[in-house]
Amino acid sequence: MADPSDKVPGQAQGRYYVDSQCIDCDLCRETAPANFVRNDEQGFSYVFKQVRHLFPFSFLIRSNERCCE
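All residue numbers for the sequence shown refer to the working numbering, where the first residue is 103 and numbers rise by one.
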């Protein structure tokens, strides 16, 4: 489970976030490319844009459920 006290830097403020457990498997960027981007220097993904409507929300949920651990 993601830890809100362990968020990676650079994220858009809001409900969704990535913590330091991210292994940069690319699933979130493939599932919701409008919401996630990669930090190439440090090797993790993060939330670039928070969801404002229900439709993109389903992509975030799907990427969270399928994320590699």
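C-beta atoms are modelled at their ideal positions from N, C-alpha and C, and glycine is treated no differently. Remember, predicted model here, so these are calculated numbers, not experimental data.
Query                                                                                                                                                                              : Result
For the stretch 113-145, which segments carrying the alpha helix (DSSP H) assignment without a break, of at least 4 residues, lie completely within its bounds, in sequence order? : 129-133
Residues bridged to K109 by DSSP?                                                                                                                                                  : D121
Run through DSSP, which three-state label would V153 get?                                                                                                                          : coil
Tell me the rounded alpha-carbon separation between S107 and V120.                                                                                                                 : 10 Å
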